[in-house]
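Trainee: Once you've had a glance at the structure underneath, I'll fire off some questions.
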Amino acid sequence: MQENPKRKVLIHETLPGRDLKQEDMSGKCLIDSTVQSIKLQDGRYRSIRAQNTRFQNVSINQSLCDKGYYQDCSWGNLQIQNSFITESHFSGCNFEKSKGELSSFGLSTFHDCKFKESRFSEVSFSGSWWRDCRFEHEDYVFVRFPSSVFIDTQFTKCRLQKAIFRAATFIRCTFESCNLADAVFHKARFIETQWIETDINQAANLEEVCYE
Numbered sequence: 574m575q576e577n578p579k580r581k582v583l584i585h586e587t588l589p590g591r592d593l594k595q596e597d598m599s600g601k602c603l604i605d606s607t608v609q610s611i612k613l614q615d616g617r618y619r620s621i622r623a624q625n626t627r628f629q630n631v632s633i634n635q636s637l638c639d640k641g642y643y644q645d646c647s648w649g650n651l652q653i654q655n656s657f658i659t660e661s662h663f664s665g666c667n668f669e670k671s672k673g674e675l676s677s678f679g680l681s682t683f684h685d686c687k688f689k690e691s692r693f694s695e696v697s698f699s700g701s702w703w704r705d706c707r708f709e710h711e712d713y714v715f716v717r718f719p720s721s722v723f724i725d726t727q728f729t730k731c732r733l734q735k736a737i738f739r740a741a742t743f744i745r746c747t748f749e750s751c752n753l754a755d756a757v758f759h760k761a762r763f764i765e766t767q768w769i770e771t772d773i774n775q776a777a778n779l780e781e782v783c784y785e
């Protein structure tokens with residue numbers, strides 16, 4: 574990619590480890606490819622399209638990665654800091670052992686995605702949309718989901734400490750064996766949502782919550 578910056582479509586390719594600083598790789602399309610051990614620093618990676626692509630040990634720092642479209646992709650050991658992945662679409666994607674802080678996925682949509690064993694601190698998913706997604710063994714502190722919508726989504730064995738779900742909507746969701754210590758559900762709406770071995774009263778703010 575660095576040798577030929579004009580190439581827009583990459584098919585069946587492996588992009589090996591390298592450090593990319595202040596690069597503009599906006600508009601790239603990755604199909605059936607592997608991105609491995611790459612560090613993205615102070616760059617612009619807008620409107621990336623990826624299908625059936627594996628991202629392994631990718632580090633994103635102080636970068637703009639908005640308006641991306643990712644289908645059937647896997648992310649292993651993603652590390653993200655001080656970056657924006659806003660207004661992006663993820664479908665059929667798996668995230669495992671991700672770490673993130675001071676970043677935003679605001680206004681993004683997630684369909685049939687799985688997050689497992691992530692550790693996020695002060696990451697924002699404001700206004701995000703989730704359908705048929707699964708959160709397993711997630712560890713969140715001050716992660717924000719205000720005005721987000723969750724449909725047919727499961728949270729299993731997650732620590733959602735001080736997570737903010739203000740004005741969020743949950744439709745046919747399940748919380749199982751989750752820790753909700755000091756979470757905020759102010760004005761949240763729960764429709765046919767189940768609580769299994771989970772005490773919602775651990776939350777710090779349940780004012781104006783609506784159960785249907």
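Sequential numbering of the sequence shown, starting at 574, is according to my numbering. Cβ coordinates follow ideal geometry from the N, Cα and C atoms, glycine included.
Assuming Arg758 and Thr729 form a contact by the criterion Cβ under 8 Å, report the distance between their Cβ atoms to the nearest whole angstrom.
Mentor: Position 185 of the sequence shown holds residue 758. Position 156 of the sequence shown holds residue 729. One detail in the question is off: residue 758 reads as Phe in this sequence, not Arg. Phe758 to Thr729, Cβ: 18 Å. No contact.
Trainee: Leaving out five residues on either side along the sequence, give the residues of the same chain with a beta carbon under 8 Å from the beta carbon of Arg619.
Mentor: Mapped onto the sequence shown, residue 619 falls at position 46. Cβ within range, chain order: Ser599, Gly600, Leu637, Cys638, Asp639, Lys640 and Gly641.
Trainee: Just reading off the beta strand (DSSP E) that Val582 is part of, what are its end residues?
Mentor: Numbered from 1 along the sequence shown, position 9 holds the residue referred to as residue 582. Residues Val582 to Ile584.
Trainee: Taking all protein chains shown into account, do 16 or more other C-beta atoms lie within 10 angstroms of the C-beta of Gly679, making it buried, or fewer, making it exposed?
Mentor: The residue you call residue 679 lines up with position 106 of the sequence shown. Buried is the call here.
Trainee: Rounded to whole angstroms, how far is the Cβ of Glu674 from the Cβ of Gly649, which I believe are closer than 8 Å?
Mentor: Here residue 674 corresponds to residue number 101 of the sequence shown, with the count starting at 1. Here residue 649 corresponds to residue number 76 of the sequence shown, with the count starting at 1. Glu674 to Gly649, Cβ: 18 Å. No contact.
Trainee: Our contact map puts Thr700 next to Ser721 with C-beta atoms below 8 Å; I'd like the distance itself, whole angstroms only.
Mentor: Counted from its first residue, the sequence shown places residue 700 at position 127. Counted from its first residue, the sequence shown places residue 721 at position 148. The amino acid occupying residue 700 in the given sequence is Gly; Thr does not appear at that position. Right, their Cβ atoms sit about 6 Å apart.
Trainee: With Val757 as the anchor, note down where its beta strand (DSSP E) starts and where it stops.
Mentor: Taking the first residue of the sequence shown as position 1, residue 757 is located at position 184. Where Val757 is concerned, there is no enclosing beta strand (DSSP E), given that its DSSP letter is neither H nor E.
Trainee: Specify, as a first and last residue, the run of the beta strand (DSSP E) that His684 falls within.
Mentor: Here the question's residue 684 lines up with position 111 in the sequence shown. Note, His684: beta strand (DSSP E), Thr682 to His684.
Trainee: Mind checking whether the beta-carbon of Phe763 lies closer than 6 Å to any heavy atom of the ligand SAH?
Mentor: The model on display carries no ligand, and the ligand SAH is accordingly not part of it.
Trainee: Considering only C-alpha positions, which residue in the set Thr659, Ala623 and Ile658 is nearest to Lys645?
Mentor: Position 72 of the sequence shown, counted from the start, is the residue given in the question as residue 645. The sequence given here places Asp at residue 645; Lys does not occur at that position. Cα-wise, what sits closest to Asp645 is Ala623.
Trainee: Figure out for me which residue from Thr726, Asp685, Asp712 and Thr659 has the closest Cα to the Cα of Ser697.
Mentor: Counting from 1 along the sequence shown, the entry for residue 697 is found at position 124. The shortest Cα separation from Ser697 among Thr726, Asp685, Asp712 and Thr659 belongs to Thr659.
Trainee: Could you check how far apart the C-beta atoms of Arg739 and Asn752 are, in whole angstroms? I think they sit under 8 Å.
Mentor: Indexing the sequence shown from 1 puts residue 739 at position 166. Indexing the sequence shown from 1 puts residue 752 at position 179. So it is not a contact: roughly 19 Å between Cβ atoms.
Trainee: Quickly, what does DSSP pair Ala623 with across the bridge? List them, please.
Mentor: For the purposes of this step, residue 623 is taken as the residue at position 50 of the sequence shown. Under DSSP, the beta-bridge partners assigned to Ala623 are Leu603 and Tyr643.
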